[in-house]
Amino acid sequence: MKEDLLIAFILIYKNPELLEEVIEFQRDLNQHIDNKLKLDTKIACEKGCSYCCYGWEVKLTFSELLDFIKSLNNLSNDEKIKTAKRLEDYKRLKDITNQPCPFLDNNLCVVYPSRPFVCRAFSSYDKNLCKTKTPFEFPPILDQIIEDIKEKISTLSDEFIPLFNTKTSIKNINFNHKDNNFFVNLFDIFVLTSENGSIKLKPLKLAKKFISKI
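So the sequence shown is numbered by our numbering: it starts at 442 and just counts up by one.
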């Protein structure tokens, strides 16, 4: 799977405009999810309800990661520094039980529009069940949403599907205090970051060896 992801990122590096295209496709998926969930008026989730943001390690696909990093780096400098501190503290925890997601601030996600599917789709008919961590069944509409997403992803070129199917942990997100930017090291071959509002894929020393093969 690493090889498949590497091929996708090399193709994107050679065609930088693909970065924004992947992000736009992911945002379309996100919008579809949101629109579908709004159809179920019994869902109890609302702004400021953050019970689902505690006690677990969020994972996101690499396509979600692109949008996530871009949104993080669009925060104000003060917000970035505060968020980076929470993230660094979170990474040092040996037990995250009852610990908040590092991207949660005052019961709100700092990059809410770019939250991954696992957060976006986590929904309940009774928020008290979330509060007490009582097991419950997710709304049935999620089954249809998942099928819709699979169908939409299947229309992509095979080389790019791994970006939408492979997940990584939020713990792999880092912060460069010198540049005041969030970034992710991709297999010691590329660095994913953003500058001036644009997502960037920067090659590391090993990149030349692999880029020439694709």
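Glycine residues also receive a C-beta, built at the ideal position from the N, C-alpha and C atoms.
| Item | Value |
| --- | --- |
| Please say whether K572 and Y492 have beta carbons closer to each other than 8 Å? | yes |
| Check F623 in the structure and name its three-state DSSP category. | strand |
| Using a Cβ-Cβ cutoff of less than 6 Å, which residues in the same chain neighbour R527 once the five nearest sequence positions on both sides are dropped? | P543 |
| Mapping the DSSP letters down to three states, classify V632 as helix, strand or coil. | strand |
| For my contact list, N622 and T634 are in at a C-beta cut-off of 8 Å; report their separation, rounded to the angstrom. | 5 Å |
| Does I630 pass the burial test, meaning 16 or more other C-beta atoms within 10 Å, or should it be called exposed? | buried |
| Which ranges does the alpha helix (DSSP H) cover as unbroken runs of at least 4 residues, wholly within the segment 486 to 514, from first to last along the chain? | 503 to 513 |
| So, with DSSP's three-state summary, where would you put N637? | coil |
| Would you kindly report the start and end of the unbroken alpha helix (DSSP H) that includes T609? | Run containing T609: none in the alpha helix (DSSP H); it sits in the beta strand (DSSP E), K608 to S610. |
| Identify the residues that DSSP records as bridge partners of F616: which are they? | F623 |
| In the DSSP assignment, find the unbroken alpha helix (DSSP H) run with R468 in it and report its ends. | E458 to K479 |
| Mark K511 as exposed unless 16 or more other C-beta atoms lie within 10 angstroms of its C-beta, in which case mark it buried. | buried |
| In the DSSP assignment, what are the bridge partners of P644? | F631 |
| Quick one: what does DSSP say L604 is sitting in, helix, strand or coil? | helix |
| Alpha carbons only, please: which of D475, A485 and N539 is nearest the one belonging to W497? | N539 |
| Are there 16 or more other CB atoms within 10 angstroms of the CB of S639, so buried, or fewer, so exposed? | exposed |
| Given a cut-off of 8 Å, decide if T482 and P557 are closer than it, judged by their beta-carbon atoms. | no |
| Near F651, which residues of its chain fall below 7 Å by C-beta distance, leaving aside the five closest residues on each side in sequence? | L447, I451 and I630 |
| Whole angstroms is fine: what's the gap from T575's alpha carbon to E458's? | 45 Å |
| What three-state label does DSSP hand L528 in the structure shown? | helix |
| Give the range of the alpha helix (DSSP H) segment to which K660 is assigned. | Only positions 442 to 655 of the chain appear in this structure, which leaves residue 660 out of reach. |
| Which residues in the same chain as V552 place their Cβ atom closer than 8 Å to its Cβ, once the five residues preceding and following it in sequence are excluded? | F509, S512, L513, L516 and F544 |
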